[in-house]
Ligand SMILES: [Zn+2]
Ligand SMILES: [Zn+2]
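Numbering (the working numbering), first residue to last: 12 to 79.
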């Protein structure tokens, strides 16, 4: 299971991931929030431009256990 540090943020909207803004990873290894992935004009990674498909999006769990 993929786990992100709770202080990581979406590189598109720069908001921290929360339980209502959950990150999704794509095959290139980058992760963005659902809303940003859905609003892309083309299904390409906003960072590295690799193409991906909707069915390849994987929900990433934010690891709250590492919060101080
Ligand atoms: Zn976002
Ligand atoms: Zn990427």
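No residue lacks a Cβ here, since even glycine has one placed at the ideal position from N, Cα and C.
None of the values given here were measured: they were computed from a predicted structure.
Excluding the 5 residues preceding and the 5 following residue i in the sequence, name in chain order all residues of the same chain whose CB lies nearer than 7 Å to its CB.
| i | result |
| --- | --- |
| residue 22 | 43, 57 and 58 |
| residue 45 | 33 and 35 |
Mind reading off the beta-carbon distance from residue i to residue j? Whole number of angstroms is fine, and I expect it under 8 Å.
| i | j | result |
| --- | --- | --- |
| residue 35 | residue 69 | 6 Å |
| residue 28 | residue 15 | 6 Å |
Taking DSSP as the reference, what is the three-state secondary structure of residue i?
| i | result |
| --- | --- |
| residue 44 | strand |
| residue 35 | strand |
Below 8 Å CB to CB, which residues in the same chain sit around residue i once its five sequence neighbours on both sides are set aside?
| i | result |
| --- | --- |
| residue 26 | 20, 32 and 44 |
| residue 64 | 54 |
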